[in-house]
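Inspection log for the structure reproduced underneath, given as structure tokens.
Protein chains in written order, with my numbering: chain F, 1 to 316; chain U, 1001 to 1316.
As structure tokens, this is what we get:
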């Protein structure tokens, strides 16, 4: 019997992940390829196109039901990726392109919304109606469920929690504004924190090491676990700032939980413990103790493709 | 023919308003009585009870369909008013009490949600699916619509926008936290601003006057219109802080508009113009110019009772 399956694609700033997923959420095959955001979009599209078609040629017991896509600045309403940060593509009418190439239903959402859909359908939020998934990568994204529905806002751009101001006298963000949460709680933000610490302590070997190269959460985690005080300070400081942003969102949305996904979420309790204390400190007293901070319950990197695929699977 | 109508009740810190409302939103009768929040809740309940029953005795062409109630800390899920601020009642199981007394459907929500429902069903938000109603009274409340639905959060306490922190080094709020939006943009907040200005300028006659008595928006409006620079400074400062809070909420929710209701919203452009400039300053660039600040389009004091009544009318 031929089984209808969805393709979920999660386009990221560095890598793009795609998977072939059945209605139970089983990932039949899962591939990561470089996005090459400095090339024209056609470069990524042609690689995806040939690989997806090859899969169905090889696996004749499967049929393509549709394609769900999560992408930075992906707009659910317009079907376009609109000038994504860190990618040189400008506006891309990706839904039209995929529909023409594959002749199947194609639905787009942004990357954080895809992760939120994945957690709702198959992950930590299966039994929740009110939660926020936060992606901690180069930036900080968020996908918001309230009353069982993903929030899009009037133009599809709800969920820009990374650009909530947590300190009007704070850091300059890449977006041009001041004190955005993302300028503290993301790889970009942590890098800034490391630079500040390194300037104050230029002779410390650990700070020298993590300041010189690409920021790497694993190195900080290991140092933290072996009792390095600067590693602790990095996560404490980041957690305090993160907690402020969480409290702002929580006072507005009253979610059951925040669920963390993406590179820096692997820090787990090292980061989430100070974040919880800080959040509770800024919450209205009635909320204190009622909002959990959780890590994604899905295999690494799969919330995005599962959520993107669920856009197709849920409708069928 | 007997016409079925709803009663909408809006319980406030000082006054309680109730009205008899038909399915088209026509307010057949509309009464304001003192809440007397320092008395036991039975005092207010017995007055409402006798007056509502008297209305239906006198007007035999109307039949009671149900009662909708908006109240501070009114919880839609539990049907209880939970320790409302400025009222000495503790927890009140108001839905059960009304159901027993009137033998009709009774639905509770909080006061800001009632105002938001009123604007959606009969007011400025009739054609909007994504908007936030902000009540500017003693405190600052908010009712949020997203995707055409009122947001309640997991426990019914979503919409506490007044307690979003806009300045971690800012004013102490009555809730115990620091820098809450309400401690700037509300009667309570404006009073603090006036005290600060008066301390710096103790000889100014206008500041002496507004500092000595109960805060009165109309007095400030008149002074503003006659060119008083302190009145301008009060609204400019309040508007700047308000705009910061609006930007935080807007980055998260991407609403089409914020709609202002309640005492201080009568300041209109005097307050909303600096608020708009400040909000746009803190928004992600894609949102700038896309979010309107509007005043309630309903007769003074009626959004709350219309929205409370709509809880009954919408279901029938």
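Cβ atoms here follow ideal geometry from the backbone N, Cα and C, with glycine treated the same way.
Owing to the predicted nature of the structure, the values given are computational and were not obtained by experimental measurement.
Using 8 Å as the limit for Cβ to Cβ distance, is residue 1254/U near chain F?
It does; some Cβ of chain F falls within 8 Å.
Run the CB neighbour count on residue 1058/U, radius 10 Å, all protein chains shown included, and call it buried at 16 or more, exposed below.
Taking every protein chain shown into account, the CB of residue 1058/U has fewer than 16 other CB atoms within 10 angstroms, so this residue is exposed.
8 Å Cβ shell around residue 1172/U - same chain, five flanking residues per side excluded:
Excluding sequence neighbours, residue 1172/U sits near 1178 and 1183.
Going by CA-CA distance only, name the one from 1214/U, 1237/U and 1165/U that's closest to residue 1196/U.
Nearest C-alpha to residue 1196/U: 1237/U.
Can you name, in chain order, every residue of its own chain whose Cβ lies under 6 Å from the Cβ of residue 1075/U, other than the five neighbours on each side?
Taken in chain order, the residues that qualify are 1082 and 1156.
Hey, how far is the Cα of residue 1112/U from the Cα of residue 146/F?
Residue 1112/U and residue 146/F have their C-alpha atoms roughly 18 Å apart.
Any beta strand (DSSP E) of 3 or more consecutive residues that is wholly inside the region 19-74 of chain F:
Those beta strand (DSSP E) runs which fall completely within the region 19-74 of chain F and span 3+ residues are 27-34 and 62-71.
Just how far apart, CA to CA, sit residue 1006/U and residue 1091/U?
One C-alpha to the other measures close to 25 Å.
Should residue 130/F be flagged as near chain U, meaning a C-beta pair shorter than 8 Å?
Closer than 8 Å to some Cβ of chain U, the Cβ of residue 130/F qualifies, so yes.
Members of the region 1271-1300 of chain U that neighbour chain F once the beta carbon cut-off is set at 9 Å
Within the region 1271-1300 of chain U, the residues whose Cβ lies closer than 9 Å to any Cβ of chain F are, in chain order, 1281, 1282, 1283, 1284, 1285, 1286, 1287, 1290 and 1291.
Can you name, in chain order, every residue of its own chain whose Cβ lies under 8 Å from the Cβ of residue 3/F, other than the five neighbours on each side?
Excluding residues within five positions, the ones whose Cβ falls inside 8 Å are 22, 61, 62 and 63.
Taking the alpha carbon of residue 320/F as the point to measure from, which residue in 16/F, 225/F, 234/F and 226/F has its own alpha carbon closest?
Residue 320/F cannot be examined here, being either before or after the span of chain F that is shown, 1 to 316.
For residue 103/F and residue 200/F, I'd like the C-alpha separation in whole angstroms.
If you take the alpha carbons of residue 103/F and residue 200/F, they lie about 58 Å apart.
Touching or not, the region 1276-1286 of chain U and the region 1247-1256 of chain U, by the rule of three or more beta carbon pairs under 8 Å?
Flag = yes, the region 1276-1286 of chain U and the region 1247-1256 of chain U touch.
Give me the residue from 18/F, 165/F and 99/F with the minimum Cα distance to residue 176/F.
Scanning 18/F, 165/F and 99/F for the CA closest to the CA of residue 176/F turns up 165/F.
Put residue 313/F into one of helix, strand or coil per three-state DSSP.
The DSSP-derived three-state label of residue 313/F is helix.
Among 214/F, 79/F, 49/F and 134/F, whose alpha-carbon lies nearest the alpha-carbon of residue 255/F?
Of the candidates 214/F, 79/F, 49/F and 134/F, the one whose C-alpha sits nearest the C-alpha of residue 255/F is 134/F.
Specify, as a first and last residue, the run of the beta strand (DSSP E) that residue 1109/U falls within.
Residue 1109/U -> beta strand (DSSP E) spans 1105-1110.
Give the range of the alpha helix (DSSP H) segment to which residue 1245/U is assigned.
1229-1253 is the span of the alpha helix (DSSP H), which, as asked, contains residue 1245/U.
Cβ distance (whole Å) where residue 31/F is taken to contact residue 304/F below 8 Å
At roughly 13 Å, the Cβ-Cβ gap does not stay under 8 Å, so residue 31/F and residue 304/F are not in contact.
Regarding residue 1264/U and the ligand ZN, is the C-beta to nearest heavy atom distance less than 7 Å?
By its list of ligands, the structure shown contains no ligand whatsoever, and the ligand ZN lies outside what it can speak to.
Taking DSSP's pairing of strands, which residues face residue 165/F in a bridge?
Residue 165/F is bridged by DSSP to 180/F.
Out of curiosity, what's the CA-to-CA distance linking residue 1274/U and residue 1259/U?
One C-alpha to the other measures close to 15 Å.
Counting contacts by CB-CB distance shorter than 8 Å, is residue 61/F in contact with chain U?
For residue 61/F, the answer is no, since every Cβ of chain U falls outside 8 Å of its Cβ.
Return the first residue and the last residue of the beta strand (DSSP E) that residue 1261/U is part of.
Looking at the DSSP string, the run of the beta strand (DSSP E) that includes residue 1261/U is 1257-1261.
Based on Cα-Cα distance, which residue from 1242/U, 1069/U and 1040/U lies nearest to residue 1162/U?
Closest by alpha carbon: 1242/U.
Is it true that the region 115-131 of chain F meets the region 40-54 of chain F, where meeting means three or more beta-carbon pairs spaced less than 8 Å apart?
In short, these stretches do not touch, since the Cβ pair count stays below three.
Should residue 1040/U be labelled buried (16 or more other beta-carbon atoms within 10 Å of its own) or exposed?
By the neighbour-count criterion, in which a residue is buried when 16 or more other Cβ atoms sit within 10 angstroms of its Cβ, residue 1040/U is exposed.
What's the C-alpha gap between residue 268/F and residue 138/F?
Cα to Cα, residue 268/F sits roughly 17 Å from residue 138/F.
Where do the N-terminal and C-terminal ends of the beta strand (DSSP E) with residue 206/F fall, by residue?
The continuous stretches of beta strand (DSSP E) do not include residue 206/F, which lies in the alpha helix (DSSP H) extending over residues 205-212.
Would you mind working out which of 1028/U, 1010/U and 1193/U sits nearest residue 1118/U, comparing C-alpha positions?
The shortest Cα separation from residue 1118/U among 1028/U, 1010/U and 1193/U belongs to 1010/U.
Taking Cβ to Cβ, would you say residue 1077/U is nearer than 8 Å to residue 1152/U?
Against a cut-off of 8 Å, the Cβ pair of residue 1152/U and residue 1077/U comes out as a contact.
Beta-bridge pairing of residue 1010/U - partner residues as DSSP gives them
Residue 1010/U is bridged to 1017/U and 1070/U.
Taking any Cβ of chain U, which residues in the region 142-153 of chain F have a Cβ under 9 Å from it, in chain order?
Listed by position along the chain: 142, 144, 146, 147, 149, 150, 151, 152 and 153.
When you compare the CB of residue 1157/U with every CB in chain F, is at least one pair closer than 8 Å?
At a cut-off of 8 Å, the C-beta of residue 1157/U has a neighbouring C-beta in chain F.
For chain U, find out if any of its Cβ atoms is closer than 8 Å to the Cβ of residue 139/F; answer yes or no.
No, residue 139/F does not count as interfacial toward chain U.
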